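Engineer:
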Amino acid sequence: MTNAITEAPTREPAAAPAERRAVRETNAYAASLTAVWVVWKRDLVRYWRDRGRVIASLMQPLLYLVIFGTGLSSLMRGGSSFPKGFNYQQFLYPGVISMAVLFTAMFGAMSIVWDREFGFMKELLVAPIDRSAIAIGKTLGGATQAMVQGVVLLVLAPFIGITVTPLMVLQVLVLVFILAFALSALGVAVGSRMKSMQGFQVVMNFLMMPIFFLSGALFPLTGLPAWLTVLTRIDPASYGIGPIRKVVLEAGGVPARALDQYAIDLFGHRLSTLEEVGIMLVFGVVMMAVAVYNFQQRD
Amino acid sequence: MTAVIHAAGLRKKYGDLEAVRGIDLDVMPGEVFGFLGPNGAGKSTTISILCTLLRPTGGTAEVAGIDVVRDPAGVRRRIGLVFQDPSLDDQLTGRENLEMHATIYGLPRAERHRRITDVLEVVDLSERADSQVRTYSGGMKRRLEIARGVLHYPEVLFLDEPTLGLDPQTRKHIWGYLHDVRKREGITLFMTTHYMDEAEFCDRIAIIDKGEIVALGTPAELKDMVGGDVITLRTEDGPTAAREIQALFALEAVADNGHLRLEVKDGAEMVPRLVRELSMPVLSVSLSRPSLDDVFLKLTGHAIREEGAASVDSLRNMARMWRGGGRR
Chain A
23 MTNAITEAPT REPAAAPAER RAVRETNAYA ASLTAVWVVW KRDLVRYWRD
73 RGRVIASLMQ PLLYLVIFGT GLSSLMRGGS SFPKGFNYQQ FLYPGVISMA
123 VLFTAMFGAM SIVWDREFGF MKELLVAPID RSAIAIGKTL GGATQAMVQG
173 VVLLVLAPFI GITVTPLMVL QVLVLVFILA FALSALGVAV GSRMKSMQGF
223 QVVMNFLMMP IFFLSGALFP LTGLPAWLTV LTRIDPASYG IGPIRKVVLE
273 AGGVPARALD QYAIDLFGHR LSTLEEVGIM LVFGVVMMAV AVYNFQQRD
Chain B
1006 MTAVIHAAGL RKKYGDLEAV RGIDLDVMPG EVFGFLGPNG AGKSTTISIL
1056 CTLLRPTGGT AEVAGIDVVR DPAGVRRRIG LVFQDPSLDD QLTGRENLEM
1106 HATIYGLPRA ERHRRITDVL EVVDLSERAD SQVRTYSGGM KRRLEIARGV
1156 LHYPEVLFLD EPTLGLDPQT RKHIWGYLHD VRKREGITLF MTTHYMDEAE
1206 FCDRIAIIDK GEIVALGTPA ELKDMVGGDV ITLRTEDGPT AAREIQALFA
1256 LEAVADNGHL RLEVKDGAEM VPRLVRELSM PVLSVSLSRP SLDDVFLKLT
1306 GHAIREEGAA SVDSLRNMAR MWRGGGRR
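Quick note, the sequences are listed as chains A and B, same order. Note that the first sequence covers residues 23 to 321 in the working numbering. Note that the second sequence covers residues 1006 to 1333 in the working numbering.
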């Protein structure tokens, strides 16, 4: 190497110290809110850039709805408990929307492990912000992506005989976001503990399939054997999918009384939509608290 | 002038292993300070403590006048960091990475754009600013990280092995950029390296081995510790030649790879005398100014780049290449 760049260093005064000071005096609370926003926005920008993945991840729900749904509809034609003019595919439809939400929300937290493995997490961890901002931003980012993945499926509604109304879309949007938030928080809580992507995938697969199968996405959670009933009540997603199904099928013209048969009981009490939403929110907040705690522990 | 980095009796223990055992140092504003030592010497641990990423188990440290244990967030606002491994989001563009950083560090919105344009220019990335980082070369990523490190007007920029895994030409360029940045920003640079040639670019160097500083000074001062020039010669019978040199000049000649190495005050005068006075023909002789390698060897009794370290390094590089090419 030549010494062209080792010339005696010229000491110049520090550039604009006053400017520097102005930069530093920021309110810690506002800074953390900004950080939540930055983390959230980054997740969405990345999501949007990765359109291939977005489209691919719509395939799975479609397969369930079109193939699985049509197949089982014809199996159940006739002797089922469905009200007149209503079939299994319509029953399944809100379940498939929820499935898209569930998978996206839970696997969305993979980005935490990814970021840790490929370094970007370090940039966030050393920033002068409260680490809870990272956990919250990640949870909301994952939840927003999952919500989009779920709500996009509403375009299929007319094909299976369900009318879309602005009110219904609004209700679905809110309910889907609550489900997405709770599951994304669960994912972030797990992801913040995981050191490797393989580890995360193993744990997530272990959690995801039971949560999916027990959630009522594929079959009603009423009239099941006792052991299965207990398991479905433990599954947090059960309380998120119930209200979504109610709103979607009501818009599809299914009489409220017929829908009542799908409402779930807990300790002998029939849960109202509001109660189910409440359970979901509490679960989400608890999981997010766990995620925040995990992030603050890390060295 | 008060020190911008001040450490006293800094220690870090991992279980029974003491990675850093009592480090004292003062770095002055505007200095380029190098931390030189082999892998595992405690360089990264020390820099991590100063950056508040690790808590010391003993001693104190202040950066920009702020205690690293008592107010880590205060320290973080005043420092910039360039890590050993890239920490960029490679799905985003260079500019987006900087925007994100500026927002997190609370750079006023009105100023953000101008400042980002400025730092991009310093590291010569203006033209590629709007390409995704995954399309960047290793050197460009490093430059972007340097730009990001100084974006929020820190007082000290910490760099942990900033040129690791880059080819020699790129390393040299990175150094050029670092000096530009230092000049423009009036910032202090504190860096670790195990490349001896890079340490020469520093104003002052601390040589660290087994968790302790064994020497501290300017590169010239450190080289003077070796005691003048280094003569390397080859004869037909090394051991005999060494004995004769001991007898004739009272100098110790060290066998090194079939050659003899000796340190002398005035090499130019010594070479002809050696050739004349030794009883056997001298097959080859060379004279050199001491390098920091010689300093390190003299102070620690071992070379800085042991075999093991070198192969770990090449593994790291392979891992990097795989990451660079293989993801997404």
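For each residue, glycine too, the CB sits at the ideal point set by N, CA and C. Keep in mind that this is a model prediction, so the values were computed, not measured.
Is the CB of A149 (chain A) under 8 Å away from at least one CB in chain B?
Structural biologist: Chain B, which has a Cβ nearer than 8 Å to the Cβ of A149 (chain A), makes this yes.
Engineer: Distance, Cα to Cα, I1179 (chain B) vs A127 (chain A)?
Structural biologist: I1179 (chain B) and A127 (chain A): Cα-Cα distance of roughly 41 Å.
Engineer: Indicate whether the contact test is met: 3 or more Cβ pairs, each with one atom in the segment 1072-1086 of chain B and one in the segment 1150-1160 of chain B, closer than 8 Å.
Structural biologist: Flag = yes, the segment 1072-1086 of chain B and the segment 1150-1160 of chain B touch.
Engineer: What does the alpha-carbon distance come out to for the pair T1007 (chain B) and F1038 (chain B)?
Structural biologist: Between T1007 (chain B) and F1038 (chain B), the C-alpha separation is close to 15 Å.
Engineer: Taking Cβ-Cβ distances shorter than 7 Å, what residues in chain B pair up with K217 (chain A)?
Structural biologist: In chain order: nothing, as chain B lies at least about 15 Å away.
Engineer: Pull the bridge partners of R1266 (chain B) from the DSSP assignment, please.
Structural biologist: Its beta-bridge partners are B:T1237 and B:V1259.
Engineer: Does any CB atom of chain A fall closer than 8 Å to the CB of G1042 (chain B)?
Structural biologist: Answer no: the Cβ-Cβ gap between G1042 (chain B) and chain A never drops below 8 Å.
Engineer: Evaluate H1106 (chain B) with the Cβ neighbour count: other Cβ atoms within 10 Å of its Cβ, from every protein chain shown; 16 or more gives buried, anything less gives exposed.
Structural biologist: When all chains shown are included, H1106 (chain B) counts as buried.
Engineer: Under 6 Å Cβ to Cβ from M302 (chain A), same chain only, skipping five residues before and after it: list those, please.
Structural biologist: The answer, listed in chain order, is I200, A204, Y261 and G262.
Engineer: Going by beta-carbon coordinates alone, are A131 (chain A) and G221 (chain A) separated by less than 8 Å?
Structural biologist: Going by C-beta atoms, A131 (chain A) is not nearer than 8 Å to G221 (chain A).
Engineer: With a threshold of 8 Å on Cβ separation, who are the neighbours of Y1182 (chain B) within its own chain once the five nearest residues in sequence on each side are excluded?
Structural biologist: Excluding sequence neighbours, Y1182 (chain B) sits near V1127, V1128, D1129, R1148 and I1151.
Engineer: Along chain B, which residues have their Cβ under 8 Å away from the Cβ of G74 (chain A)?
Structural biologist: In chain order: nothing, as chain B lies at least about 10 Å away.
Engineer: Keeping to the same chain, check which residues put their C-beta closer than 7 Å to that of G1035 (chain B); ignore five residues upstream and five downstream.
Structural biologist: Hits under 7 Å: G1191 and T1193.
Engineer: Which residues, taken in chain order from the segment 1092-1111 of chain B, show a beta carbon closer than 8 Å to some beta carbon of chain A?
Structural biologist: Those residues of the segment 1092-1111 of chain B that come within reach of chain A (Cβ to Cβ, closer than 8 Å) are S1092, L1093, D1094, D1095, Q1096, L1097, E1101, M1105, H1106, T1108, I1109, Y1110 and G1111.
Engineer: Tell me, to the nearest whole angstrom, how far the beta carbon of G264 (chain A) is from that of I286 (chain A); I am working on the premise that it is less than 8 Å.
Structural biologist: About 6 Å separates the two Cβ atoms, so the contact holds.
Engineer: How many Å lie between V269 (chain A) and Q1137 (chain B) at the Cα?
Structural biologist: Answer to the nearest angstrom: the Cα atoms are 42 Å apart.
Engineer: Just by C-beta distance, which residues in the segment 1204-1233 of chain B are closer than 7 Å to chain A?
Structural biologist: Of all residues in the segment 1204-1233 of chain B, E1205, F1206 and D1208 have a Cβ within less than 7 Å of some Cβ in chain A.
Engineer: Could you spell out where the alpha helix (DSSP H) holding H957 (chain B) opens and where it closes?
Structural biologist: Look at the range of chain B in this structure, 1006 to 1333, and you will see that residue 957 (chain B) is not part of it.
Engineer: Return the CA-CA distance between P1113 (chain B) and I1121 (chain B), expressed in angstroms with no decimal places.
Structural biologist: About 12 Å.
Engineer: For the segment 176-187 of chain A against the segment 223-233 of chain A, do three or more pairs of beta-carbon atoms, one drawn from each stretch, fall closer than 8 Å, so that the two count as touching?
Structural biologist: The answer is no - the segment 223-233 of chain A does not touch the segment 176-187 of chain A, with fewer than three Cβ pairs under 8 Å.
Engineer: For the segment 1257-1266 of chain B against the segment 1201-1215 of chain B, are there 3 or more C-beta pairs whose distance is under 8 Å?
Structural biologist: Short answer: they don't touch.
Engineer: Taking Cβ positions, are S218 (chain A) and V135 (chain A) nearer each other than 8 Å?
Structural biologist: In contact: S218 (chain A) and V135 (chain A) (Cβ atoms closer than 8 Å).
Engineer: Touch check for the segment 71-89 of chain A and the segment 151-163 of chain A: three-plus C-beta pairs under 8 Å?
Structural biologist: Touching, no.
Engineer: Rounding to the nearest angstrom, what Cα-Cα distance links V45 (chain A) and G1111 (chain B) in this structure?
Structural biologist: Model confidence at V45 (chain A) stands at a pLDDT of 47, short of 50, so the residue's coordinates are unreliable and nothing is read from them.
Engineer: Might you give, ordered along the chain, the residues of its own chain that have their beta carbon closer than 7 Å to the beta carbon of T1057 (chain B), omitting 5 neighbours on each side?
Structural biologist: Here the set comprises V1073, P1077, V1080 and R1081.
Engineer: With DSSP run on the structure shown, which of helix, strand or coil describes A38 (chain A)?
Structural biologist: Confidence is the limiting factor: at A38 (chain A) the pLDDT is only 44, short of 50, which leaves the residue's position unreliable and the question unanswerable from this model.
Engineer: State the Cα-Cα distance for the pair R1139 (chain B) and D1095 (chain B), rounded to the nearest angstrom.
Structural biologist: C-alpha separation (whole angstroms): 5 Å.
Engineer: Does the segment 70-83 of chain A come into contact with the segment 235-246 of chain A, if we say contact requires no fewer than three beta-carbon pairs (one atom in each stretch) closer than 8 Å?
Structural biologist: With a cut-off of 8 Å, the segment 235-246 of chain A and the segment 70-83 of chain A do not count as touching, because too few Cβ pairs lie within range.
Engineer: With 8 Å set as the bound, which would you pick, yes or no: does the beta-carbon of F234 (chain A) sit closer than that to a beta-carbon of chain B?
Structural biologist: Output row for F234 (chain A): interface = no.
Engineer: Under 8 Å Cβ to Cβ from V314 (chain A), same chain only, skipping five residues before and after it: list those, please.
Structural biologist: Cβ within range, chain order: R153, S154, A157 and I158.
Engineer: Just to confirm before moving on: does the CB-CB distance between V186 (chain A) and A273 (chain A) stay below 8 Å?
Structural biologist: Going by C-beta atoms, V186 (chain A) is nearer than 8 Å to A273 (chain A).
Engineer: Interface residues of chain B around K144 (chain A) at Cβ under 9 Å?
Structural biologist: L1058, L1086, F1088, D1090 and S1092, listed in chain order.
Engineer: Assign F289 (chain A) to buried or exposed, taking buried as 16 or more other Cβ atoms, counted over all protein chains shown, within 10 Å of its Cβ.
Structural biologist: By the 10 Å Cβ count, F289 (chain A) comes out exposed.
Engineer: Out of A:G275, A:A50, A:G163 and A:G213, state which residue places its alpha-carbon closest to the alpha-carbon of D108 (chain A).
Structural biologist: In the sequence under discussion, the amino acid at residue 108 (chain A) is Phe, which differs from the Asp named in the question. Among A:G275, A:A50, A:G163 and A:G213, the Cα nearest to that of F108 (chain A) is on A:G275.
Engineer: Using 8 Å as the limit for Cβ to Cβ distance, is R1082 (chain B) near chain A?
Structural biologist: It does; some Cβ of chain A falls within 8 Å.
Engineer: Compare the Cα-Cα distances from E1101 (chain B) to each of A:I119, A:K63, A:L97 and A:T166 and report the closest residue.
Structural biologist: Minimum Cα distance to E1101 (chain B) is reached at A:K63.
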